[in-house]
Every structure is written in C-alpha cells, then in structure tokens.
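Quick notes on the structure that follows.
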Amino acid sequence: MERPRYLEEIEIGEVRETYGRTITETDFVVHAGHTGDFFPHHMDAEFMAKSEFGGRIAHGTMIFAIGVGLTATEINPLAFSYGYDRLRFVRPVFIGDTIRTRITAARKEDDPKRPQSGKLFETVQVLNQKDEVVLACEHIYVVQKKEVAAA
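Residue 62 in numbering that gives the first Met the number 0 sits at position 63 of the sequence shown; the count goes up by one each step and never skips.
The structure is reproduced here in structure tokens:
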C-alpha cells in the first residue's frame, strides 16, 4: 500500500506492527545458498544438537532481511531508506518460530545535506511468537518536508 507522508505528518511514538512469518527449513537452505554462509550453526543439526541452543539457529542476516521485508507492506513515496545502525541479534531464531516486526518512530532531525528533507529514526524490533525481541536496530529514513514541497 502506498501511503505518502511528509516528515511533519509522522508522529514521534507512533507504532506499526507487521503480520507474522514462520521461519522454515527452506529459508535456511535458500539463505545459505544466497550468502555462502554454510556455518554449522545454521546447517548442521548434529553439531548444534550438542550446543547450548539445542538445535540449528537462523542466520542473523536472514532474520534481518525477512524482518525488514515484512515492513514493505506500507510504502512512503516521499521517503527513502538511508540505512540501519546498531544492529543486534538479541536471541536465536529456530525453524518453526514465527517472527513479526514492530517499527516505532523514535526521533526526527534536519538533514544538513538535504534541506528539503529530514531524517526520521525508527526503532526496529523483530519479535518471535513469545513476544521476545530477537533482533533490534535503528532505521534511518530520509523523508521530504511538507513546508519545502509547498514552497
């Protein structure tokens, strides 16, 4: 869904949460093939059965990619992603876990390189089916200002 919103129209503290997505064996295999990350933590059930986790854990980069992808149900054509900071893999994700993403508008600031835009900093949390945070990061979003567009 396209939802045009200027920087001034986004309220600090507003929250958006996505639908869930269950992580599968296929996800592990496809992500390993795409990235070349065949570490035993992700691919070797016998090796991981003896670990503190008791089984294979998902690639952190896969959970990041899926978690961010889940947010793409709402597109703001007046904005673009500038990147992500402070990425942390907080808890392991296993085959069969269902994740969803919560995005919270945290703060805004002017963009010195783009006076017609400002930066929106969003807190991104990927949660599992137990409502535990499994991944956290900050998304930096460049958003057009309404006052400049009106001028």
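Don't be surprised by glycine CBs; every beta carbon is placed ideally from N, CA and C.
Annotated three-state conformation of I65 is helix, per DSSP.
With 16 or more other CB atoms across the displayed protein chains lying within 10 angstroms of its CB, P91 is buried.
The way I'd put it, the stretch 123-137 does touch the stretch 93-102; three or more beta-carbon pairs between them come closer than 8 angstroms. Taken in chain order, the whole beta strand (DSSP E) runs of length 3 or more contained in the stretch 84-129 are 97-109 and 116-126.
The stretch 52-69 makes no contact with the stretch 4-13, as fewer than three CB pairs between them are under 8 angstroms. Residue pairing by DSSP puts Y140 in a beta bridge opposite S80 and L119.
Contact check for F27 and H41: beta-carbon distance about 6 angstroms, within the 8 angstroms limit, so the pair qualifies.
Non-local C-beta neighbours of V89 in its own chain, meaning closer than 7 angstroms and more than five positions away in sequence, comprise V132, V133, L134 and A135, ordered along the chain. With 16 or more other CB atoms across the displayed protein chains lying within 10 angstroms of its CB, L119 is buried. Distances from the alpha-carbon of D130 to those of R113, T25, D96 and P114 put D96 closest.
As DSSP reads the structure, T17 sits in no beta bridge. For M47, the uninterrupted alpha helix (DSSP H) segment begins and ends at A44 to A48.
Under the 10 Å beta carbon count, G54 is surrounded by fewer than 16 other beta carbons and is classified as exposed.
Annotation: Q115 to R87 spans about 32 angstroms, alpha carbon to alpha carbon. Counting only the Cα atoms, M0 lies some 9 angstroms from N75.
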